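Numbering (mature numbering (1 follows the signal peptide of the UniProt record, and there is no 0)), first residue to last: -18 to -1, 1 to 1037.
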């Protein structure tokens, strides 16, 4: 054996690695990533850890599914009651996955479940007892497999104390069998390692206390086998294996006194080569040493075909005994298989002859690989095609959390070569490799640690930058491609003739290597001179740059080689500094001075300085500050200068303690920016004034007024606007039609003398009135006339009077059409189940209709169904009963399972009725009749026909009149409101803008809501109401309520 360090090219994998070819998975609080299984059909890796099952992607180890499988509280309490300490309770009373098998698309897994083993099949979710399939204690070693026929072979312990080991077959179609109970010759304190299905046998690899050893307690490694079609014995060895045999595995270093590696730790089976690799170590109480040996299946078969080793009684020695069946074969089930034709003698032989005399020898005399001062734990092997041969590359997990990459070869120059060491734990942390799983198709290695899982590629040829590095690494995966000028795998090579590889000796070790510090030496007492004449007593330790030593131009170690500690030195104060500047220029302030504890500073546990490191004192006590010059707070805002149309208001402030305050003392802001209301004013009518006096004393009179409108804050600021005039005719007949005062009479007399128009000139007839200037809210219209002479000439100035006349028109106010307000919020549902309704409303008030304007068109109330689910508590409906005399069928239901339960606990109807089905209507009894008719019968038939015709006419008229009424369903479901579209146009009895009458809710019988599926025309009678205007709307959806598309009509279910 050789030391490991000078032969290894170390590859460090950082704790939180960022290397692109390394993938990592962990889960908070989850530990023991010890069970790995490949699900190639789904391209997934199944991971069993403590209390969890994970499904990860094979490509990058990313999480696909996480299943929590922790034991329940009752199981934990049961575990804690079995005498576990507090530490053991928290660690062992958990569910540790110990069996993880994939058979086809089924996942079979078992866990310790806090010392209550349980198994589960993921595809059908069957939970089975885990006893004899999974250990109670997570520290017990076990193994299991599922055969192609679906049988489970498990090697474990089946009791709480771990004293009953067993190799047990269950599930499948074969009868369950086990090894002999409490028989140390069959199994003696075994530690099961692995199990494989090879041909018609199941091979178990284990280590156990050797019962045949007479010189003290010794552990031997074994291989045991049983026939898969073993049916067990009859009477003798009933429910027990009849084909159980075991042989010792030898892995030792040759010599005059061989050195044995007795304890098997891990195996790996290469079915293509019929080769089984195994890791063997020394006992835990011995020196640490490990070895790797390989065994051919033929050598294992040869040992089982040889003689047995048998002890007649405890006082006799173990002796060799001939094999009664030297070339034993399992046979087939059709032949009866083992146990089918067993005689009593053969059963007795099977009971006592099971330990083989010959030892299974490895393929080489010496182990393929040995290592002192180190224990191997796990092993996987990859087959790599090199340029000239196949290489078996071994990946070996160690107790320190590293993975060794080595070659398995008989070439002496390559014997014991380590290609590299993968360190995947953080610096300074060690821990065993829990599991290894290799994926040959992807050339990936999955490593299970205590708190994480890491995926590492097996080939990393791109990491060798030059041809020299590539060739001297001796990596079987890599070679130098002279055409591409890079290090590639044989599959990536462009041409085999230009791809070279040299794996003829161990890797070259004279590559450049940087130095690294070795471990620290133990602490030792030492003296420390601080350079100030004082010496302190300390403890020191040192380290050397030898782990490894820098060579071939490598960089030396960087850092301290000596550490000094526990050198006591007391600290001392520095002198006080001068007083600092006062904190204020006037008024009372303070000033500070300081000192530091660094004269000298306390070091290595020395006493710190005693006292204050900072002092303060008052300053400027007799230097008062002048009063500050500042503004007072702003006063309130004054009244706005205008009530509307935009004005300004102001506020003021005062400068105290002086008059030099920056800024203004008055601030202005706009106010009352809203527009002023419109003001309209009419002047009073002027007195009637004569404008045209005829010769006979009749006259025309006019009067005027002015109308003004403006947006002004002060109505007194109105200005004169449009003039309006009125004209009247006053005859001179003394009738007093025109009342005038004395001033008007004088004007009339004067006008009669001075304003008479010339002879032959007169006004023409008035034209027709023009159209009104506004459709409503008071407008005006005009008409004109012309003044013409006898010759037909027009002379407007010759006639006395106005040629234009004005008149008010359309004085009625303009109509205002109503508009809807916003919808209110939905009310609460009227029932919690069984079908209720809620509603929302709006009003015609935005604005309300006025002056004959149109009212709002549309619905002022909306309702919707809600809580249509069947109320809890109702039982199933009974079958429909027979037809009664009224042609109806009935059925009932009960509230709750107890028929005498209170009916108030259920909502809805207790009974339900429907018209009889056509096939259930009772047959009409036909009475015998006479074939002749009398005169009385003919008259009676004629009279009946006449009355029937009159009745049909009345019914037709009633039906036509009924069409103008709302549907019966609306009358039942919707509340009715007065018709707001009708009003009295000729009177004020019912104005159009009258207020709505509140809705009136009618009591609904939910039986009336049931529409018969067969007839589709059964409606309840409408509520008595005249002039109905429906204002309710039901926004329903067919998917929400009980509507069946295959039914000819809708059914409102009620409960």
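C-beta atoms are modelled at their ideal positions from N, C-alpha and C, and glycine is treated no differently. Values in this document were obtained by computation on a predicted structure and should not be read as measured data.
> So what does DSSP say about residue 453, is it helix, strand or coil?
Replying inline: helix
>> What does DSSP give as the partner residue(s) for residue 364 in the beta ladder?
In response: 375
> Which residue or residues does DSSP assign as beta-bridge partners of residue 126?
Replying inline: 136
> Rounded to a whole number of angstroms, what is the C-alpha to C-alpha distance between residue -15 and residue 378?
Replying inline: Residue placement at residue -15 is flagged as unreliable, the pLDDT there being 38, under the threshold of 50; the coordinate-derived value follows with that caveat. Their backbone Cα atoms lie some 13 Å apart in a straight line.
> For residue 511, which residues does DSSP report across the bridge?
Replying inline: 517
> In three-state DSSP terms, what is residue 382?
Replying inline: coil
>> Between residue 663 and residue 690, how many whole angstroms is the CB-CB distance? I'm expecting something under 8 Å.
In response: 5 Å
>> According to DSSP, is residue 55 part of a helix, a strand, or is it coil?
In response: helix
> Between the Cα of residue 266 and the Cα atoms of 381, 480, 193, which residue gives the shortest distance?
Replying inline: 381
>> Taking only three categories from DSSP, how would you classify residue 924?
In response: helix
> With C-beta atoms as the reference, is residue 140 less than 8 Å away from residue 186?
Replying inline: no
> Over what stretch of residues does the beta strand (DSSP E) that includes residue 632 continue unbroken?
Replying inline: 629 to 634
>> Going by C-alpha to C-alpha distance, which of 846, 843, 899, 847 sits closest to residue 866?
In response: 899
> Taking the DSSP output, what are the residues bridged to residue 229?
Replying inline: 205
> Can we say the region 242 to 258 touches the region 272 to 292, given the rule of at least three CB pairs closer than 8 Å?
Replying inline: yes
> Is there contact here, the region 640 to 657 with the region 624 to 631, by at least three beta-carbon pairs under 8 Å?
Replying inline: yes
> Could you give the C-beta distance for residue 435 and residue 15, rounded to a whole number, given that I count them as a contact under 8 Å?
Replying inline: 5 Å
>> Can you tell me which residues form a DSSP beta bridge with residue 819?
In response: 847
> Leaving out five residues before and five after residue 96 in sequence, what residues of the same chain have Cβ atoms less than 6 Å from its Cβ?
Replying inline: 53, 57, 58, 61, 75
> Which residues does DSSP pair with residue 394 in a beta bridge?
Replying inline: None; residue 394 has no bridge partner.
>> Distance check for residue 101 and residue 1047, CA to CA, integer angstroms please.
In response: The displayed coordinates of the chain run from -18 to 1037. Any statement about residue 1047 would go beyond what the structure contains.
> Which value, in whole angstroms, describes the spacing of the CA atoms of residue 971 and residue 834?
Replying inline: Only weak support exists for where residue 971 lies, its pLDDT of 40 falling under 50; the coordinates are left without a value.
> Per DSSP, what kind of secondary structure is residue 934 in: helix, strand or coil?
Replying inline: helix
> Taking the continuous beta strand (DSSP E) assigned at residue 142, which residues delimit it?
Replying inline: First-last for residue 142: undefined, no H or E at that position.
>> From the DSSP secondary-structure annotation, give me the bridge partner or partners of residue 671.
In response: 684
>> So for residue 200, helix, strand or coil by DSSP?
In response: coil
>> Contact defined as beta carbons within less than 8 Å: I believe residue 153 pairs with residue 132. What is the distance between those atoms, to the nearest angstrom?
In response: 6 Å
> So, is residue 572 buried or exposed, given that buried needs 16 or more other C-beta atoms within 10 angstroms?
Replying inline: exposed
>> Quick check on residue 453: buried or exposed, where buried means 16 or more other Cβ atoms within 10 Å of its Cβ?
In response: buried
> Do residue 920 and residue 896 have their C-beta atoms closer together than 8 Å?
Replying inline: no
>> Suppose you measure from the CA of residue 541 to the CA of residue 525; what does that come to, to the nearest Å?
In response: 10 Å
> residue 507: buried (16+ other C-beta within 10 angstroms of its C-beta) or exposed?
Replying inline: exposed
> How would you call residue 403, buried or exposed, if buried means at least 16 neighbouring beta carbons within 10 angstroms?
Replying inline: buried
> Who pairs with residue 261 in a beta bridge, going by DSSP?
Replying inline: 248, 274
>> By alpha-carbon positions, which one of 195, 207, 155, 175 ends up nearest to residue 161?
In response: 207
>> Is there a Cβ of chain C sitting closer than 8 Å to that of residue 834, yes or no?
In response: Judged by its chain identifiers, the structure shown contains no chain C, having just a single protein chain.
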